[in-house]
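**Q** Submitted below is the structure of interest, expressed as structure tokens.
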Amino acid sequence: MVFEQANLGIDEALRGLQAGLREAAADAAGGWPAVIAIVDHRGDLVCYARQDRCLELSKEVAMRKAYTAALGNADTAAATERVMKSTGRTMEQHLGWRARSGAGGFVIKRAKDNVTLGGVGVSGASTNERDEAIARACIKAMNL
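Shown next as structure tokens:
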């Protein structure tokens, strides 16, 4: 039996990345530059951008949020809460060192069949809510 997994294309990912950077512009102007990472369904990096003067920690956190959303097949805030409630463990304990607990990571799914294509992670914006808004802008622009 052959299994095929749909893949997130670079064109869709770049379209999402550009929309996310536009959404993040106000945060960067206010002194909160963001980092955006987009990964495929395996958690492998497809594209990435950081705004000028971002925090070093935000670079790693954005990639870990994207990885967690893709492999956890859920948005990171909801997945963190669910895993903590059911197992008492963090996402890092559940999925390994590449994972990240907390908000700011969203799973990317294809609308027609709900297949997971990847994840987007954002870190460094002014609040967790802004990280999430930027991630949602990325996904919306992908038009999957």
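The numbering of the sequence shown is the numbering used here, which starts it at 119 and goes up by one.
We treat Cβ as the ideally placed atom computed from N, Cα and C, and that holds for glycine.
I need the boundaries of the alpha helix (DSSP H) containing R200, first residue and last residue.
**A** Residue 200 sits at position 82 when you count from the first residue of the sequence shown. Residues T194 to T205.
**Q** Between the C-alpha atoms of S244 and G237, what's the straight-line distance to the nearest angstrom?
**A** Taking the first residue of the sequence shown as 1, we reach residue 244 at position 126. Taking the first residue of the sequence shown as 1, we reach residue 237 at position 119. C-alpha separation (whole angstroms): 21 Å.
**Q** By how many angstroms is the C-alpha of A188 removed from the C-alpha of A251?
**A** For the purposes of this step, residue 251 is taken as residue 133 along the sequence shown, with counting starting at 1. For the purposes of this step, residue 188 is taken as residue 70 along the sequence shown, with counting starting at 1. Rounded to whole angstroms, A251 to A188 spans 18 Å at the Cα level.
**Q** Let's test the definition: count the other Cβ atoms within 10 Å of the Cβ of L175 and tell me whether it reaches 16, buried, or not, exposed.
**A** Residue mapping note: residue 175 aligns to position 57 of the sequence shown, counting from 1. That one is exposed.
**Q** By the three-class DSSP mapping on this structure, what secondary structure does R168 have?
**A** On the sequence shown, residue 168 is found 50 positions in, with the first residue counted as 1. Strand at R168.
**Q** Per the contact definition of three or more C-beta pairs closer than 8 Å, is the segment 156-165 in contact with the segment 176-196?
**A** Verdict: yes, contact present.
**Q** With distance defined between alpha-carbon atoms, name the residue in S241, C256 and L262 nearest to K177.
**A** The residue you call residue 177 lines up with position 59 of the sequence shown. The shortest Cα separation from K177 among S241, C256 and L262 belongs to S241.
**Q** At which residues does the beta strand (DSSP E) containing K227 begin and terminate?
**A** In the sequence shown, residue 227 corresponds to position 109, counting from 1. Residues G223 to K227.
**Q** Excluding the 5 residues preceding and the 5 following V198 in the sequence, name in chain order all residues of the same chain whose CB lies nearer than 7 Å to its CB.
**A** Numbered from its first residue, the sequence shown carries residue 198 at position 80. The displayed chain sequence assigns Thr, not Val, to residue 198. So the list reads M209, S219 and G220, once near-sequence residues are dropped.
**Q** In whole angstroms, what is the alpha-carbon distance linking V179 and I154?
**A** One-based indexing of the sequence shown puts residue 179 at position 61. One-based indexing of the sequence shown puts residue 154 at position 36. Between V179 and I154, the C-alpha separation is close to 10 Å.
**Q** May I ask you to report which of helix, strand or coil DSSP gives D129?
**A** What you label residue 129 is simply residue 11 of the sequence shown in a count that begins at 1. Looking at D129 - three-state DSSP - the assignment turns out to be helix.
**Q** What residue range does the beta strand (DSSP E) around T234 cover?
**A** The sequence position of residue 234 within the sequence shown is 116, counting from 1. T234 -> beta strand (DSSP E) spans T234 to S241.
**Q** Would you mind stating whether V225 and D249 have Cβ atoms separated by less than 8 Å?
**A** Indexing the sequence shown from 1 puts residue 225 at position 107. Indexing the sequence shown from 1 puts residue 249 at position 131. In this structure, D249 does not lie closer than 8 Å to V225 by Cβ.
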